[in-house]
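Trainee: Chains as they are written, first to last, in my numbering: chain H, 1325 to 2497; chain G, 119 to 449.
Take this structure, written in structure tokens, and hold onto it; I'll ask about it next.
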């Protein structure tokens, strides 16, 4: 056994064993299990071997269904195989899991358990996914900590080989999969010693081979299936003993003893909780704390859930138990109780005990909801009631069904020698990375136990991170967030106005602030709530201007090392000098490859941090009256104030059940109420040199720079500083024109300025829009923005919509949580400008569903008539089918309405009927006219009695055209959803598909898809993808009846507008594939448009429109490839990473890419010729 | 016929070498250069500034999005978290050394004191035969005087000289008040050769877009004249070897450079224009001319037209300008 501690997260802990015990690994990314597959892929790419001295073969598939199918095949052919997944991914594996179990196959999969999407998606952990597999015949073993995720990965593998049952080894998503903790690793020798070599040989011998042929997967009939199905029973009966045997042999070697069911607590306990997963740790620690205070309580920690060994479970129970409480981290609506509860009830019933304990079921921790000692205390207290409520919930306030039980969330059971720290950081400031590094220092070098858990924002730009760290002399069993911290750091001063930072601190704790205000002035800049908290809790307070120190040290905005140094310095984590030496050593490790100058720069920053750190002498009373501003404007609608506002203030946990929609239906247009104030610089418009090209508005990813044309009279009452100029152009002659920034919604990406072509002739550094410091402009621009919103919208019905005028139309997608500089959102925004008031969007899961639909606030909004996009996300894989369903329903409604109009024609009048049925609705004017007719229809219907008139009244709006767009990324369209997309396109129905092609799985962190180009390095293609990008457009063109376009707004915006308009107008299926630059490409996205242009010019990204109605059908919208594709490629990290690994091979790759381009151009040019008749 | 010459401690069969150019990025081109008979190959410069910028940009990009979102702790494989240089460039030197027998002269353009020395050592480690220091210091601040610039050139050369054993050449720009003095100082710190001159890419102006536009312009034979003058001035006044770089397109150009005093003539633009094989054409042209004019060796013609030996030395000095003016008539 190796004695060296390592600090890893739960995913790495499990993957490290899985990789070493496998021949074949088939994977597909899904949160929160992605990193298990990524690590295995990287290890194999680096040639890391399994314990049989071969490199495991790692294969990324098109979906989890594909991954499990591949695994199934590999197992059948005698390999040891594994896979990793979560949530919906696990559901996709279920059909194969039945087969694998039915065939008694030795196999272990590792699952970071996660919520299944129901009324909403959630990426966080609970057991609803694994519980959906309990009927497949898989054995299920649950680990509760990072160490256990490591140990059980091996124990489940051994047990599977010995029992012949496949194992689903699972642990709590995020809480365990992402917790960083120190553990004792299993060496290769441990693995070799514990794996049953005969059983492995037997597994391999069962592999299908033509040398000893056999047949599996037969079809059986009524005469035999039943009996044959029962033949597996002895294996299930024997399995628990095999697992315990594996645990015992594991204990002999490692000293860590586990049991199928473990009892912890008073031997004469009267109340016992039965629970599995990380919650068990909390329950056990709390029970111990209560017992030390005279109570008699206990916990049964469930490890082997399937096969459920009732006898083993009952054997652990003290005879004294009066009430048993079974906690499930899942919900099964409509059931008699949740699964574990039902199993325990059945076990007790079947045991026919003389005096069976009362059994109470409870639900906790859905979607990663906190499960704290206070809740456990609350449960035990509840169990003392004469008739405790069954099927209760804990951790929420259920004021609808009254299921929730009370608890005291101030209870703190943690020993005083465990130090706790909380850090508020910004995603981009490196706080989390530095904290992970600190845990390594504390856990590996300083010899303490350490734990880190990180809470992230749901936004992709300007995201807040909260790091929760513990360290101390004893093992840390606290899988819940830190409260009563000894140390709280706020790395962003602005957070003090938005979050209850001081609320995390215990009395007498230390508060560290990063502030531009020095030690003498910082106090006065704190809001009242913070001043009060600091005084009440008698905190010590330190301050440093970390940004200034970072700038002076030449480190830009990276303040992480500086703040880490300050923490180590004031908290006494380590003796001062040792702490500084350790930080510098860590710097040397991290930056060794970057040369002595960078090392010296970082060392200087450490020294400067110490010099710049000052304690603040605190007054004894508050000195301000300034309160934290409200989370949302007082002008916001009631629901936004009551519900959204709480979520924005990080207090969503306090909202009761009654606050929520019952079915997951939420109001749109809420992003406008979340003023995120992310930008340090915002674009300021100078009308004097503006040429009114409207490109700034076109390219803005967040709809934060807008344009209006309006009559001069509308300006009345506008602030003096409001800027306008005469509209240039005949279409709106006499109107005024304004470009306006939404200063609190802009993320400061600078793309608008990059695209602005209007330069001052004497000083070309000055453009018509310049990025200027927000402090100097925000107040003025806030007023201007309010005035701008008050201006009338342009009359779309009289407008000829083109590239320029499209930007005068109101975007109905605004202020999303997408990354700063996002290359996807401008397409969606444009779509809502063109057709937003009659648009239904089916959105595949991915980036666009997260920035499109992740609470607290969502970006789709409405126009002044209350119309706007109706948006829904079903799944990742089914989006095309989901959207087709919209179309079928809408068409059906329209058909019924049309039929009713015809039937009621005599009562409606010929003019109205002809108008309604013959309406042309290909533009805004046509749609507006039809809406007027529908209004007239409703008036007429008011005077007509009968069921038909009533029904027509309900459906009349469907007489107005509805656009159905299917939106998603390349992971959906090229991979997991391709089968459905292909089918939906083939139906010929009038749907439109917008593929936001980032050429990689962006949302889950940059895994290769079939859209990934040759030569790009991505996760699962570390050395660079060796095959060319799939030509989805060409495949769709082959049908002949599909409108297909490939666009890149940064290269040719007019073509993008035209393609979306044509796709919309085309009466059949349309497919628009949109080049979307992405942070996963690896460059500053302010250059996104230049890169798009380079992509198009070089032929890397051809622009075309294929319109089945025209001859020739294919129109090439960019000239023959020219320029150097290598130049385009070398500007992006994804390609340069490949080159850096093997420049010679990359040089070959460039030649291949060049050849791909030439071949494709030749093919497209031929297709662009008129067909001979 | 003896075309041989010496340069940077290397005995070369003839004076024609391939100057620093993108040709060395491609092993096929390098093979073709060898096949065409290049006497030595100068590597495309290793630019410290570029490496640092790229590395910083890549790092910043990576840092910016690391550990920011719950669903993605990173956006690139961890194992691609490498420094962007100079590994790839150094590997290319090693590959070229393994591929061809012709001597390889590395070229280095540093920015920091530590960078010059660090990279020079790494270049030595990968087996380059000699090192050309491509020193280009542009004074844009009025506080910096000419002497400070020259001091910096000498300091860099000296620091590298003290750190590696490779023979050293310094490639200079023509913009020094007293080139002979600077060359003497370089000689004093142990530099073996000077290369006259580097012709850095000069930025152009895009008058439509009001942008500064970097532009690659190949040299023309007219640029040779500046080299000829300074070769002629320096030859005989210094013991250092001289290499002509810039403007040699024809055999006649090569002959002129040799006559002015060059030990070697570096060719780039002509090779980019006509292909690596052109170096063989130049060599043949040189030999043919020497046969026709009954020269026995390159040594015989080297420096024959230098300031010290040419029949009318004042023509290389001020008089040259006057003579051109007198003979020029508006058409």
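We put the beta carbon where it would ideally sit given N, CA and C, even for glycine.
In chain C, what lies closer than 7 Å to residue 1447 of chain H by C-beta?
Mentor: Here the protein chains are H and G, and chain C is not one of them.
Trainee: Under the three-state reduction of DSSP, which class applies to residue 351 of chain G: helix, strand or coil?
Mentor: What you label residue 351 of chain G is simply residue 233 of the second chain in a count that begins at 1. Of the three classes helix, strand and coil, the one that applies to residue 351 of chain G here is helix, per DSSP.
Trainee: Mind checking who residue 1789 of chain H pairs with in its DSSP beta bridge?
Mentor: Position 465 of the first chain, counted from the start, is the residue given in the question as residue 1789 of chain H. DSSP lists H/1749 and H/1780 as partners of residue 1789 of chain H.
Trainee: Between the segment 2382 to 2415 of chain H and chain G, which residues of the former have a C-beta closer than 8 Å to a C-beta of the latter?
Mentor: Under the 8 Å Cβ criterion, the segment 2382 to 2415 of chain H contributes 2403, 2404, 2406, 2407 and 2408.
Trainee: Could you check whether residue 1749 of chain H and residue 1742 of chain H sit closer than 9 Å to each other, using their CB atoms as the reference points?
Mentor: On the first chain, position 418 is the one that residue 1742 of chain H refers to. On the first chain, position 425 is the one that residue 1749 of chain H refers to. No; because the gap between Cβ atoms is not below 9 Å, this pair is not in contact.
Trainee: Any chance you could list the beta strand (DSSP E) runs of at least 3 consecutive residues sitting entirely within the segment 2014 to 2075 of chain H, in chain order?
Mentor: Within the segment 2014 to 2075 of chain H, the complete beta strand (DSSP E) runs of at least 3 residues are 2029 to 2034 and 2060 to 2065.
Trainee: By the 7 Å beta-carbon criterion, what residues does the segment 2324 to 2338 of chain H contribute toward chain G?
Mentor: Flagged, chain order: 2327, 2328, 2329 and 2330.
Trainee: Would you call the segment 1354 to 1361 of chain H in contact with the segment 2320 to 2340 of chain H, where contact means no fewer than 3 C-beta pairs closer than 8 Å?
Mentor: As far as the Cβ criterion goes, the segment 1354 to 1361 of chain H touches the segment 2320 to 2340 of chain H, which means the pair count is three or higher.
Trainee: Count Cβ pairs between the segment 1622 to 1633 of chain H and the segment 1464 to 1480 of chain H that sit closer than 8 Å; are there 3 or more?
Mentor: At 8 Å Cβ cutoff, the stretches touch.
Trainee: Going by the CB atoms, is the gap between residue 1982 of chain H and residue 1592 of chain H shorter than 9 Å?
Mentor: For the purposes of this step, residue 1592 of chain H is taken as residue 268 along the first chain, with counting starting at 1. For the purposes of this step, residue 1982 of chain H is taken as residue 658 along the first chain, with counting starting at 1. The answer is no: Cβ separation not under 9 Å.
Trainee: On a CA-only basis, which of H/2455, H/2491 and H/2487 is nearest residue 171 of chain G? Give me that one, please.
Mentor: Residue 171 of chain G sits at position 53 when you count from the first residue of the second chain. If we check each option's Cα against that of residue 171 of chain G, H/2455 comes out closest.
Trainee: Which residue from G/325, G/421, G/363 and G/245 puts its Cα closest to that of residue 336 of chain G?
Mentor: Sequence index remark: in the second chain, residue 336 of chain G carries index 218 (1-based). Among G/325, G/421, G/363 and G/245, the Cα nearest to that of residue 336 of chain G belongs to G/363.
Trainee: With DSSP as the reference, label residue 2146 of chain H as helix, strand or coil.
Mentor: Mapped onto the first chain, residue 2146 of chain H falls at position 822. If DSSP states are grouped into helix, strand and coil, residue 2146 of chain H belongs with coil.
Trainee: Excluding sequence positions up to five away, which residues of its chain have a Cβ less than 8 Å from the Cβ of residue 241 of chain G?
Mentor: Walking along the second chain from the start, residue 241 of chain G turns up at place 123. Once the five neighbours on either side are set aside, the close Cβ partners of residue 241 of chain G are 164, 208, 211, 224, 226, 249, 282 and 284.
Trainee: Roughly how many whole angstroms lie between the Cα atoms of residue 2163 of chain H and residue 2286 of chain H?
Mentor: Sequence index remark: in the first chain, residue 2163 of chain H carries index 839 (1-based). Sequence index remark: in the first chain, residue 2286 of chain H carries index 962 (1-based). If I take the Cα positions, the gap works out to 6 Å.
Trainee: Listing by chain order, which chain G residues have their CB less than 7 Å from the CB of residue 1499 of chain H?
Mentor: Taking the first residue of the first chain as position 1, residue 1499 of chain H is located at position 175. The contacting residues do not exist; residue 1499 of chain H stays about 12 Å from chain G at best.
Trainee: Quick one: which chain H residues come within Cβ less than 7 Å of residue 193 of chain G?
Mentor: Locating residue 193 of chain G in the second chain gives position 75, counting from the first residue. Chain H residues near residue 193 of chain G: 2329, 2330, 2403 and 2404.
Trainee: Any beta carbon from chain H within less than 9 Å of residue 299 of chain G's own beta carbon?
Mentor: By one-based count along the second chain, residue 299 of chain G stands at place 181. False, the Cβ-Cβ gap to chain H never drops below 9 Å.
Trainee: Taking residue 208 of chain G as the query, report the chain H residues whose CB atoms sit under 7 Å from its CB, ordered along the chain.
Mentor: Residue mapping note: residue 208 of chain G aligns to position 90 of the second chain, counting from 1. Chain H residues near residue 208 of chain G: none, gap ~11 Å exceeds 7 Å.
Trainee: Can you say whether residue 258 of chain G is buried or exposed, counting buried as having 16 or more other CB atoms within 10 angstroms of its CB?
Mentor: Against the second chain, residue 258 of chain G aligns to sequence position 140. Answer is exposed; the Cβ neighbour count stays below 16.
Trainee: Under 7 Å, CB to CB, which of the residues in the segment 1727 to 1754 of chain H have a partner in chain G?
Mentor: Cβ contacts with chain G: 1751, 1752 and 1754.
Trainee: Using the three-state DSSP reduction, which class does residue 425 of chain G fall into: helix, strand or coil?
Mentor: Mapped onto the second chain, residue 425 of chain G falls at position 307. In the structure shown, residue 425 of chain G sits in coil (DSSP, three-state: anything other than H, G, I, E or B).
Trainee: So which of H/2148, H/2149, H/2147 and H/2210 has the shortest CA-CA distance to residue 2165 of chain H?
Mentor: Numbered from its first residue, the first chain carries residue 2165 of chain H at position 841. Looking at the Cα atoms, H/2210 is the closest of the given residues.
Trainee: Is the beta carbon of residue 134 of chain G within less than 8 Å of some heavy atom of the ligand COA?
Mentor: Absence of the ligand COA from the depicted structure is noted, as is the absence of any ligand whatsoever, leaving it without description.
Trainee: Would the beta-carbon of residue 2393 of chain H fall within 9 Å of that of residue 2315 of chain H?
Mentor: Translated into the one-based positions of the first chain, residue 2393 of chain H becomes position 1069. Translated into the one-based positions of the first chain, residue 2315 of chain H becomes position 991. Contact: yes.
Trainee: Beta carbon of residue 388 of chain G, beta carbon of residue 366 of chain G: below 9 Å?
Mentor: To locate residue 388 of chain G, count along the second chain from 1; it is residue 270. To locate residue 366 of chain G, count along the second chain from 1; it is residue 248. In this structure, residue 366 of chain G lies closer than 9 Å to residue 388 of chain G by Cβ.
Trainee: Kindly indicate which residue of H/1717, H/1520 and H/1692 has the alpha-carbon position closest to the one of residue 1702 of chain H.
Mentor: Here residue 1702 of chain H refers to the residue found at position 378 of the first chain. Ranking the options by Cα distance to residue 1702 of chain H, first place goes to H/1717.
Trainee: Can you tell which of H/2214, H/2125 and H/2194 has its C-alpha closest to the C-alpha of residue 2248 of chain H?
Mentor: Counting from one through the first chain, the residue named residue 2248 of chain H turns up at place 924. The residue with the shortest Cα to Cα distance from residue 2248 of chain H is H/2125.
Trainee: CB-CB under 7 Å to residue 1712 of chain H, same chain, minus the five flanking residues each way: which ones, in chain order?
Mentor: Taking the first chain and counting its residues from 1, the one referred to as residue 1712 of chain H is at position 388. The answer, listed in chain order, is 1647, 1684 and 1706.
Trainee: Which of helix, strand or coil does DSSP assign to residue 1873 of chain H?
Mentor: The sequence position of residue 1873 of chain H within the first chain is 549, counting from 1. Helix.
Trainee: How far does the alpha helix (DSSP H) with residue 2565 of chain H in it reach, from first residue to last?
Mentor: As shown, chain H starts at 1325 and ends at 2497. That puts residue 2565 of chain H outside it, with no answer to give.
Trainee: What residue from H/2348, H/2431, H/2412 and H/2443 has the CA that sits closest to residue 2473 of chain H's CA?
Mentor: On the first chain, residue 2473 of chain H is found 1149 positions in, with the first residue counted as 1. For the residues H/2348, H/2431, H/2412 and H/2443, the minimum Cα distance to residue 2473 of chain H belongs to H/2348.
Trainee: Would you mind stating whether residue 1563 of chain H and residue 1638 of chain H have Cβ atoms separated by less than 9 Å?
Mentor: Numbered from 1 along the first chain, position 239 holds the residue referred to as residue 1563 of chain H. Numbered from 1 along the first chain, position 314 holds the residue referred to as residue 1638 of chain H. Not closer than 9 Å, so no.
Trainee: What first and last residue would you give for the beta strand (DSSP E) that runs through residue 2203 of chain H?
Mentor: What you label residue 2203 of chain H is simply residue 879 of the first chain in a count that begins at 1. Note, residue 2203 of chain H: premise wrong, no beta strand (DSSP E); alpha helix (DSSP H) at 2203 to 2227.
Trainee: With distances taken between CB atoms, is the gap from residue 430 of chain G to residue 119 of chain G smaller than 9 Å?
Mentor: Taking the second chain and counting its residues from 1, the one referred to as residue 430 of chain G is at position 312. Taking the second chain and counting its residues from 1, the one referred to as residue 119 of chain G is at position 1. It is not a contact, given that the beta carbons lie outside the stated cut-off.
Trainee: Quick one: what's residue 1868 of chain H bridged to in DSSP?
Mentor: By one-based count along the first chain, residue 1868 of chain H stands at place 544. Paired residue(s): H/1838.
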